[in-house]
Amino acid sequence: MTGTLSAAATPVMDRLISRSVEKHRPLSVHFDLTYRCNERCVHCYLDHQDHGELTTAECLKVLEDLARSGTLFLTFSGGEIFLRPDLYEILAAARRLHFDISLKTNALLVTPERAARLGEFGVRRVQISIYSDLPAVHDAITKVPGSLQRTLAAIPILLQYRLQVKLACPLMQENLMAYRGVIALAEKLGIPYILDLTITPMMDGSSGPLAHRASVSSLLPVLRDPALQACKPRPNAQPDGAVNALPPAFGSAVSSGMESPAYNDLPCSAGHNSCYISPYGDVFPCVQLPQAAGNLRREKFDDIWYHAPQLQRLRAIRESQLPICSRCEIRSYCERCPGLALMEGGNLLGAYERACALAEEKARLAGVAVPVSALHRERDTASVPTTPDAEFAFLAADSSSH
Ligand code: SF4
Ligand code: SF4
Numbered sequence: 174m175t176g177t178l179s180a181a182a183t184p185v186m187d188r189l190i191s192r193s194v195e196k197h198r199p200l201s202v203h204f205d206l207t208y209r210c211n212e213r214c215v216h217c218y219l220d221h222q223d224h225g226e227l228t229t230a231e232c233l234k235v236l237e238d239l240a241r242s243g244t245l246f247l248t249f250s251g252g253e254i255f256l257r258p259d260l261y262e263i264l265a266a267a268r269r270l271h272f273d274i275s276l277k278t279n280a281l282l283v284t285p286e287r288a289a290r291l292g293e294f295g296v297r298r299v300q301i302s303i304y305s306d307l308p309a310v311h312d313a314i315t316k317v318p319g320s321l322q323r324t325l326a327a328i329p330i331l332l333q334y335r336l337q338v339k340l341a342c343p344l345m346q347e348n349l350m351a352y353r354g355v356i357a358l359a360e361k362l363g364i365p366y367i368l369d370l371t372i373t374p375m376m377d378g379s380s381g382p383l384a385h386r387a388s389v390s391s392l393l394p395v396l397r398d399p400a401l402q403a404c405k406p407r408p409n410a411q412p413d414g415a416v417n418a419l420p421p422a423f424g425s426a427v428s429s430g431m432e433s434p435a436y437n438d439l440p441c442s443a444g445h446n447s448c449y450i451s452p453y454g455d456v457f458p459c460v461q462l463p464q465a466a467g468n469l470r471r472e473k474f475d476d477i478w479y480h481a482p483q484l485q486r487l488r489a490i491r492e493s494q495l496p497i498c499s500r501c502e503i504r505s506y507c508e509r510c511p512g513l514a515l516m517e518g519g520n521l522l523g524a525y526e527r528a529c530a531l532a533e534e535k536a537r538l539a540g541v542a543v544p545v546s547a548l549h550r551e552r553d554t555a556s557v558p559t560t561p562d563a564e565f566a567f568l569a570a571d572s573s574s575h
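Under the numbering used here, the first residue of the sequence shown carries the number 174, and numbering increases by one thereafter.
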């Protein structure tokens, strides 16, 4: 099995992550250059209209601000980034500023000339979305006939220009069992892959994409597949902090997924050392955590990053203080995401049904005697705070007692 995005950090990377978390430096930034796209994936969470994208000059100013603030890892994504006519100008600026550059694309528009320019501008990694090795399945999801063939044709071209290519495969009802074909394809090409079970609501909160989400019961064959190790506890949740020898096959196609002890007791990197910038200049803790902290057309990045109340509040959260999840006996099987907790359960600090159901299934398959989440155990008790405000008050009271 090849590696994935969700990997354990090297010792050097661990030190970098620890330092950035401690000092709140925006080490890693995901910057969507456009929401326009040449595919219409059934599960997509974006509105593809252009509501006033940052101009080239504004994008370059954002990059200068990020470089000054200490960003090292920069991921350009969309929508489809090749629809930005100024992509190379933006990449050239990113190279001048010495970022480590990654791209996410559907690769439909990749040509040898374009791949050569990516190499010239120092792009290191290209993550490509793929839904199946079967055209009928992939093209039905993208709604673009011939898209799988074009996407696959791009991979050898990118590899020829020494770009690191990774396949990202979101799994949903339409392609659930396609994962084996995608893994075989990645192995044949000698490139890493990541499987992502997360299908999120639209960024405006509407739930359309959730209709495509695979039910937890239909995921059983995937969770049971011994090659995927889906039911192992998270490494940093193991008592001795040991890291699994093999990287997990699952992760998030939207966030870096880098595991590090520096994140112990933090829900994730969002707002600590990473953030998301929309094509309109809005700064969010993460693409999956839609609480805008400010806008770069009106404020400087540093002013938002260091002073926005939304980010300061996020930085105060510790997993060990979460009102429900801190008491959960199957927490090590859970992939709780604070953004989804907010979008799906209405509460950044809360537990939410999908995370609990998946964690319970994984714990059950791993042989845990009582695979019951704290949410389900305590749901009906009056002691569980139910509103976001009540939970923040709970957290503040708990923090002051330490
Ligand atoms: S908010 Fe969710 S998707 Fe974003 S980094 Fe945190 S866990 Fe990952
Ligand atoms: S399984 Fe549910 S209650 Fe347990 S940690 Fe995950 S979200 Fe929280």
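All residues carry an ideal CB built from backbone N, CA and C; glycine is no exception. Every value quoted in this text rests on a predicted model; they were computed, and no experiment measured them.
So, is H445 buried or exposed, given that buried needs 16 or more other C-beta atoms within 10 angstroms? buried
Which residue's Cα is closest to the Cα of D312: A351, L291, S275? A351
Taking V194 as part of the alpha helix (DSSP H), name the residues at either end of that continuous run. 184 to 196
Simplified DSSP assignment, three categories, for P308: helix
Sort out for me which residues DSSP pairs A359 with in a bridge. Per DSSP, none; premise fails for A359.
Check whether the region 224 to 244 touches the region 462 to 476, counting contact only when three or more Cβ pairs, one atom from each stretch, lie closer than 8 Å. yes
Can you give me the C-alpha to C-alpha distance between I356 and Y366, rounded to a whole angstrom? 7 Å
Helix, strand or coil: how does DSSP classify Q300 here? strand
Shell residues, 5 Å Cβ cut-off relative to heavy atoms of ligand 3: Ligands displayed in this structure: ligand 1 and ligand 2; ligand 3 is not among them.
Mind checking which residues open and close the beta strand (DSSP E) that includes F249? 246 to 250
Drop a sphere of 10 angstroms on the beta-carbon of N348, count the other beta-carbons inside from all chains shown, and report buried for 16 or more, exposed for fewer. buried
CA nearest to the CA of G354, picked from S380, D377, L321: L321
Suppose contacts are defined by Cβ-Cβ distances below 8 Å. Is P452 in contact with Y208 by that definition? yes
By the 10 Å Cβ neighbour count, where 16 or more other Cβ atoms means buried, how is R335 classified, buried or exposed? exposed
Spell out the partners DSSP gives F294 in its beta bridges. In DSSP, F294 forms no bridge with anything.
For R213 versus K316, is the C-beta distance shorter than 8 Å? yes
Buried or exposed by the 16-neighbour rule on C-beta atoms within 10 Å, applied to L393: exposed
So if DSSP puts D455 in a beta bridge, which residue, or which two residues, is it bridged to? N468
Taking 8 Å as the cut-off, decide whether the C-beta atoms of L487 and A443 are in contact. yes
Quick one: is H203 buried, meaning 16 or more other Cβ sit within 10 Å of its Cβ, or exposed? buried
Compute the Euclidean distance between the alpha carbons of C498 and R527, then round it to the nearest angstrom. 14 Å
What residues in its chain sit with their C-beta under 8 Å from that of V296, if we drop five residues either side in the sequence? L264, I274, S275, L276, L336
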